[in-house]
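Enquirer: Have a look at this one.
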Amino acid sequence: MKRILRLLGYMRPYLLYTFASILLMGVFAAMAALRVLLIKPIIDNVLSAKASPDQVLVFTIPHTHHIINLQFLIPKHFHNAWTVVAVALIGSAIIKSFCDYFGTLFANKAGFGLITDLRNDLYDSILGRSTAFFQRHSSGTLISTLINDIERVQTAMATVLIDFLQQFFTMVVMIGVVIITGGAMAWILIVFVPVIILSSRKVGRDVRRTTRRGQDKLAEIQNIVQETISGHGIVKVFGTEPLEMARFRRAADRLLSANLRSVAVQAISSPLMDALGAVLLALLLFIGRNVIQHGVTPGVFITFLGAVIMLYDPVRRMPTYYNSFQQAVGASEDVFKFIDAQDEVRERRGARALKSFDGRIEFRDVRFAYERDGHSKEVLHGISLTLNRGEVLALVGPSGAGKSTLVNLLPRFYDVTEGAILLDKHDVRDLTLASLRKQIGKVTQETVLFNDTVRNNIAYGQPDAPMTVVEEAAKAALAHDFILRLPQGYDTPIGERGARLSGGERQRIAIARALLKNAPILILDEATSSLDTESEAAVQAALANLIEGRTVLVIAHRLSTVRRADRIAVMESGTITELGTHDQLLALGGTYSRLYNLQFGALDPIDADALPPLAGQLTRS
Numbered sequence: 195m196k197r198i199l200r201l202l203g204y205m206r207p208y209l210l211y212t213f214a215s216i217l218l219m220g221v222f223a224a225m226a227a228l229r230v231l232l233i234k235p236i237i238d239n240v241l242s243a244k245a246s247p248d249q250v251l252v253f254t255i256p257h258t259h260h261i262i263n264l265q266f267l268i269p270k271h272f273h274n275a276w277t278v279v280a281v282a283l284i285g286s287a288i289i290k291s292f293c294d295y296f297g298t299l300f301a302n303k304a305g306f307g308l309i310t311d312l313r314n315d316l317y318d319s320i321l322g323r324s325t326a327f328f329q330r331h332s333s334g335t336l337i338s339t340l341i342n343d344i345e346r347v348q349t350a351m352a353t354v355l356i357d358f359l360q361q362f363f364t365m366v367v368m369i370g371v372v373i374i375t376g377g378a379m380a381w382i383l384i385v386f387v388p389v390i391i392l393s394s395r396k397v398g399r400d401v402r403r404t405t406r407r408g409q410d411k412l413a414e415i416q417n418i419v420q421e422t423i424s425g426h427g428i429v430k431v432f433g434t435e436p437l438e439m440a441r442f443r444r445a446a447d448r449l450l451s452a453n454l455r456s457v458a459v460q461a462i463s464s465p466l467m468d469a470l471g472a473v474l475l476a477l478l479l480f481i482g483r484n485v486i487q488h489g490v491t492p493g494v495f496i497t498f499l500g501a502v503i504m505l506y507d508p509v510r511r512m513p514t515y516y517n518s519f520q521q522a523v524g525a526s527e528d529v530f531k532f533i534d535a536q537d538e539v540r541e542r543r544g545a546r547a548l549k550s551f552d553g554r555i556e557f558r559d560v561r562f563a564y565e566r567d568g569h570s571k572e573v574l575h576g577i578s579l580t581l582n583r584g585e586v587l588a589l590v591g592p593s594g595a596g597k598s599t600l601v602n603l604l605p606r607f608y609d610v611t612e613g614a615i616l617l618d619k620h621d622v623r624d625l626t627l628a629s630l631r632k633q634i635g636k637v638t639q640e641t642v643l644f645n646d647t648v649r650n651n652i653a654y655g656q657p658d659a660p661m662t663v664v665e666e667a668a669k670a671a672l673a674h675d676f677i678l679r680l681p682q683g684y685d686t687p688i689g690e691r692g693a694r695l696s697g698g699e700r701q702r703i704a705i706a707r708a709l710l711k712n713a714p715i716l717i718l719d720e721a722t723s724s725l726d727t728e729s730e731a732a733v734q735a736a737l738a739n740l741i742e743g744r745t746v747l748v749i750a751h752r753l754s755t756v757r758r759a760d761r762i763a764v765m766e767s768g769t770i771t772e773l774g775t776h777d778q779l780l781a782l783g784g785t786y787s788r789l790y791n792l793q794f795g796a797l798d799p800i801d802a803d804a805l806p807p808l809a810g811q812l813t814r815s
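So, in structure tokens, the structure goes:
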């Protein structure tokens, strides 16, 4: 119930549409009731053998002394029962159609507005999460929640809600008609109401449970699809298409099983309501014969019977609506779970904006531990480093040493477990996330480009950047010439993840993007490790332009970049074991010297500058 109320809370901005829809649906139901009430005068005053064309139509409400003269609806010279009934039927049909159209329109505006706001809140919540969140939740699960769970909520809160309002108000007014016309016969319905409610609640709980199970299986399929599509090259090279197809079929079978269980649970609602309806109708027909014999006119009884029949359909549908709302509740559990989740990285109350950065970065006794399955594993042990303005610090070391983890603490993708990271003596945790990350640019090995034009990828985050500025950034990244050779130049769509560009071209677009951002701090994470020698030469030249005048953290670049660093820090097992210049570390004869010799063999280090950049890399954490 709390979740349904919370979902309905999203209708606050659309209260005008909601109330208008409710009002119109109420009038819609009243017109339906009027058409049922017209059965009595049709039978008793129009179709009766005693009826005459000029008979005055006066309708007495059964079991009361109230009289309704329907002839005020039309001019006096048309005062007869037949005309009044005809006008009432046509008028009620017109009003009913008007209310149906505009009530549906307004309900849709409210329902789809609710869903749009809910989807926006969920997406906004996901976008704001830390890196740890995305490590805990697969992309398939997040996509399933954002698309499929929201779709189920939409079905209930937009599509089903309209039908529910119509049927609910119809049910209410028909109950009124039944009570007015049926007298003692109306009490028969009381026997069936508890049975309907109890059966609906039981089926609804089962629907909610099976819906959640089906959503979990669908998320599993989406995970498999995403993995195989993104890794299609590996699948083909290793010839594992049959294995992946078998894995997909097993997941599809599990989804099929879950869906069939859900359908089996939902399918019981209609037969149950049909059975109850048949029993009720039989009882009413049996009782009706005796009632007519005791003075109730056929018109009154047929009106009562018509109201019961009109009431039956809304009552029969109520369990279906209840099931749909239970599906929405089940789907909304994951939606609100992600919206309400407390993130590890949060902006502190009273956080200040960093307006400018003078250039000093300090890692002060930094410790960091990953939390996985309730267990903590420390991967950084008391790291202390200082970078001054314009300094280039390279981090090298074996895989798993903690290099990437350390630099990811700077933009607060994670938060330190102990110690502090300072920018100009300001703890990064005391700064607003937006102002902190505004100071940082990043170029990585796995270049992230978007399915958009070249220009929009370079100007990402700065959509209003003048074209001249975009071109200047591209020229500095040595990308301008190849961009002009593209079919539409800067307006050329580059495909998903830049699929229409080569690796070197993608990397230079990423460098141009970082140049346009013009952040004073730069992180280079394996930016050339996956490129061939020719592509790397162009990218290295572009990186030289990018590095100039910035405070730079470089992770395990090829030696041509590492050797140019002002200092090199060697990391092993989460600690810094060596720190110095290239020449100092070679002379030390430690880990760096060993890694260097592994890549250059017996070559004299002085001759390394004459060589093209290495085809490999040091190592990557």
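The numbering used here puts the last residue of the sequence shown at 815; the count rises by one with no breaks. Note that the Cβ used here is the ideal one computed from N, Cα and C, for glycine as well. Here the structure is a predicted model, which means the values were calculated and not measured.
Take Arg-606 as the anchor and find which of Phe-519, Asp-468, Ile-289 and Arg-542 has the nearest alpha-carbon.
Expert: As a working mapping, residue 606 is identified with position 412 in the sequence shown. When only C-alpha atoms are compared, the closest one is Arg-542.
Enquirer: So which of His-776, Leu-627, Ala-226 and Met-219 has the shortest CA-CA distance to Leu-500?
Expert: Residue numbering aside, residue 500 sits at position 306 when the sequence shown is read from its first letter. In the sequence as presented, Leu is not what sits at residue 500; that position holds Gly. Taking only the C-alpha atoms, the option nearest Gly-500 is Ala-226.
Enquirer: Write down the C-beta distance between Glu-581 and Leu-589 rounded to the nearest angstrom, noting that I regard them as a contact closer than 8 Å.
Expert: The residue labelled residue 581 in the question sits at position 387 within the sequence shown. The residue labelled residue 589 in the question sits at position 395 within the sequence shown. Glu is not the amino acid found at residue 581; the sequence shown has Leu there. Contact flag wrong, Cβ pair sits at about 11 Å.
Enquirer: Take the Cβ of Ala-535 as the centre, count every other Cβ of all protein chains shown within 10 Å, and call the residue buried at 16 or more, exposed below.
Expert: The residue given as residue 535 occupies position 341 in the sequence shown. Result: exposed.
Enquirer: In the DSSP output, which residue or residues are listed as bridge partners for Thr-638?
Expert: By 1-based counting over the sequence shown, the position of residue 638 is 444. Answer is Asp-719.
Enquirer: Could you spell out where the alpha helix (DSSP H) holding Asp-447 opens and where it closes?
Expert: Within the sequence shown, numbered from 1, the residue matching residue 447 stands at position 253. Per DSSP, Asp-447 belongs to the alpha helix (DSSP H) from 435-461.
Enquirer: How would you call Ile-284, buried or exposed, if buried means at least 16 neighbouring beta carbons within 10 angstroms?
Expert: On the sequence shown, residue 284 is found 90 positions in, with the first residue counted as 1. Ile-284 should be labelled exposed.
Enquirer: For Asp-552, which residues of its own chain have a beta-carbon under 8 Å away from its beta-carbon, when the five flanking residues on both sides are left out?
Expert: Position 358 of the sequence shown, counted from the first residue, corresponds to residue 552. Excluding positions up to five away in sequence, the list reads Arg-583 and Asp-618.
Enquirer: Enumerate in chain order the residues of its own chain whose CB-to-CB distance from Thr-638 is below 6 Å, with the five nearest sequence positions on each side excluded.
Expert: Position 444 of the sequence shown holds residue 638. Excluding sequence neighbours, Thr-638 sits near Asp-719.
Enquirer: Look up Gly-576 in the DSSP assignment and say whether it is helix, strand or coil.
Expert: Counting from 1 along the sequence shown, the entry for residue 576 is found at position 382. Residue state, collapsed to three classes: strand.
Enquirer: Between Thr-375 and Thr-497, how many whole angstroms is the CB-CB distance? I'm expecting something under 8 Å.
Expert: Here residue 375 is taken as the residue at index 181 of the sequence shown, counted from 1. Here residue 497 is taken as the residue at index 303 of the sequence shown, counted from 1. With a Cβ gap of about 5 Å, Thr-375 and Thr-497 count as contacting.
Enquirer: By how many angstroms is the C-alpha of Arg-511 removed from the C-alpha of Leu-299?
Expert: For the purposes of this step, residue 299 is identified with residue 105 of the sequence shown, where counting begins at 1. For the purposes of this step, residue 511 is identified with residue 317 of the sequence shown, where counting begins at 1. Using only the alpha carbons, I get a separation of about 22 Å.
Enquirer: Can you tell me whether Gly-408 is buried or exposed, with buried defined as 16 or more other CB within 10 angstroms of its CB?
Expert: Within the sequence shown, residue 408 is the residue found at index 214, counting from 1. By the 10 Å Cβ count, Gly-408 comes out buried.
Enquirer: Counting C-beta neighbours from all protein chains within 10 Å, is the total for Asp-528 16 or more, i.e. buried, or is it exposed?
Expert: Residue mapping note: residue 528 aligns to position 334 of the sequence shown, counting from 1. It counts as buried.
Enquirer: Relative to the C-alpha of Arg-691, which residue among Phe-644, Gln-734, His-569 and Val-230 is closest?
Expert: For this step, residue 691 is matched to residue 497 along the sequence shown. Nearest option by C-alpha distance: Phe-644.
Enquirer: Using a 10 Å radius around the Cβ and a threshold of 16 neighbouring Cβ atoms, would you call Leu-600 buried or exposed?
Expert: Counting from 1 along the sequence shown, the entry for residue 600 is found at position 406. Classification for Leu-600: buried.
Enquirer: Would you check if the distance between the CB atom of Ile-309 and the CB atom of Met-351 is smaller than 8 Å?
Expert: Your numbering for residue 309 matches position 115 in the sequence shown. Your numbering for residue 351 matches position 157 in the sequence shown. Yes, Cβ-Cβ distance for Ile-309 and Met-351 is below 8 Å.
Enquirer: Beta-carbon separation of His-708 and Leu-695 under 8 Å?
Expert: Start at 1 with the first residue of the sequence shown, and residue 708 comes out as number 514. Start at 1 with the first residue of the sequence shown, and residue 695 comes out as number 501. Looking at the sequence itself, residue 708 is Ala, so the reference to His does not match. No, the pair does not count as a contact, with Cβ atoms beyond the cut-off.
Enquirer: Where DSSP assigns a beta bridge to Ala-614, which residues make up the other side?
Expert: Sequence index remark: in the sequence shown, residue 614 carries index 420 (1-based). Bridge partners of Ala-614: Arg-558.
Enquirer: With a threshold of 6 Å on Cβ separation, who are the neighbours of Leu-616 within its own chain once the five nearest residues in sequence on each side are excluded?
Expert: Against the sequence shown, residue 616 aligns to sequence position 422. Glu-556, listed in sequence order.
Enquirer: With three or more C-beta pairs closer than 8 Å as the rule, is the segment 326-342 touching the segment 452-468?
Expert: The segment 452-468, when compared against the segment 326-342, does not touch it at the 8 Å Cβ threshold.
Enquirer: Based on the DSSP secondary-structure assignment, which residues constitute the bridge partners of Arg-546?
Expert: Residue numbering aside, residue 546 sits at position 352 when the sequence shown is read from its first letter. In the DSSP output, where bridge partners are listed per residue, Arg-546 has Leu-625.
Enquirer: Bridge partners of Ala-763, per DSSP?
Expert: For the purposes of this step, residue 763 is identified with residue 569 of the sequence shown, where counting begins at 1. According to DSSP, Ala-763 bridges with Leu-589 and Leu-773.
Enquirer: Taking the alpha carbon of Met-661 as the point to measure from, which residue in Asp-318, Leu-710 and Val-642 has its own alpha carbon closest?
Expert: Translated into positions along the sequence shown, residue 661 becomes position 467. Met-661 has its Cα closest to that of Leu-710, out of Asp-318, Leu-710 and Val-642.
Enquirer: For Pro-508, collect the residues of the same chain with a Cβ closer than 8 Å to its Cβ; drop the 5 residues on either side in sequence, then sort them by chain order.
Expert: The residue given as residue 508 occupies position 314 in the sequence shown. The residues are Gln-361, Phe-362, Thr-364, Met-365 and Met-368.
Enquirer: Could you pull out every residue in the same chain whose Cβ sits closer than 8 Å to the Cβ of Lys-531, ignoring the five residues on either side in sequence?
Expert: On the sequence shown, position 337 is the one that residue 531 refers to. Counting only Cβ-Cβ distances below 8 Å, and skipping sequence neighbours, we find nothing.
Enquirer: Kindly indicate which residue of Asp-294, Lys-196, Leu-201 and Val-279 has the alpha-carbon position closest to the one of Ala-224.
Expert: Within the sequence shown, residue 224 is the residue found at index 30, counting from 1. Out of Asp-294, Lys-196, Leu-201 and Val-279, Asp-294 has the C-alpha closest to the C-alpha of Ala-224.
Enquirer: Roughly how many whole angstroms lie between the Cα atoms of Ile-233 and Glu-345?
Expert: To locate residue 233, count along the sequence shown from 1; it is residue 39. To locate residue 345, count along the sequence shown from 1; it is residue 151. Distance between the alpha carbons of Ile-233 and Glu-345: 42 Å.
Enquirer: Measure how close the beta-carbons of Val-372 and Leu-231 come, nearest whole angstrom, since I'm counting them as under 8 Å.
Expert: Within the sequence shown, residue 372 is the residue found at index 178, counting from 1. Within the sequence shown, residue 231 is the residue found at index 37, counting from 1. With a Cβ gap of about 11 Å, Val-372 and Leu-231 do not count as contacting.
Enquirer: Can you list, in chain order, the residues of its chain whose CB lies under 6 Å from that of Gly-635, leaving out five sequence neighbours each side?
Expert: The sequence position of residue 635 within the sequence shown is 441, counting from 1. Excluding sequence neighbours, Gly-635 sits near Ala-708, Lys-711, Ala-713 and Leu-716.
Enquirer: When DSSP builds the beta bridges, which residues end up paired with Thr-747?
Expert: Stepping through the sequence shown from its first residue, residue 747 is reached at position 553. Correcting the residue identity first, residue 747 is Leu in this sequence and not Thr. In the DSSP output, where bridge partners are listed per residue, Leu-747 has Leu-587 and Ile-717.
Enquirer: Comparing C-alpha positions only, which one of Gln-348, Gln-329, Ala-693 and Val-573 sits nearest to Val-648?
Expert: In the sequence shown, counting from the first residue as 1, residue 648 sits at position 454. For Val-648, the nearest C-alpha among the options comes from Ala-693.
Enquirer: May I have the straight-line CA-CA distance separating Met-449 from Arg-441, to the nearest angstrom?
Expert: For the purposes of this step, residue 449 is taken as residue 255 along the sequence shown, with counting starting at 1. For the purposes of this step, residue 441 is taken as residue 247 along the sequence shown, with counting starting at 1. A quick correction: the sequence has Leu, not Met, at residue 449. Spanning the two alpha carbons is a distance of roughly 13 Å.
Enquirer: If you run the structure through DSSP and keep just helix, strand and coil, what is Tyr-564?
Expert: Counted from its first residue, the sequence shown places residue 564 at position 370. Here Tyr-564 sits in strand by DSSP.
Enquirer: Verify whether the separation of the beta carbon atoms of Leu-199 and Val-347 is less than 8 Å.
Expert: As a first step, residue 199 is located in the sequence shown; it is residue number 5 there, counting from the start. As a first step, residue 347 is located in the sequence shown; it is residue number 153 there, counting from the start. No, the pair does not count as a contact, with Cβ atoms beyond the cut-off.
Enquirer: For Lys-571, name the three-state secondary structure that DSSP assigns.
Expert: Taking the first residue of the sequence shown as 1, we reach residue 571 at position 377. Here Lys-571 sits in strand by DSSP.
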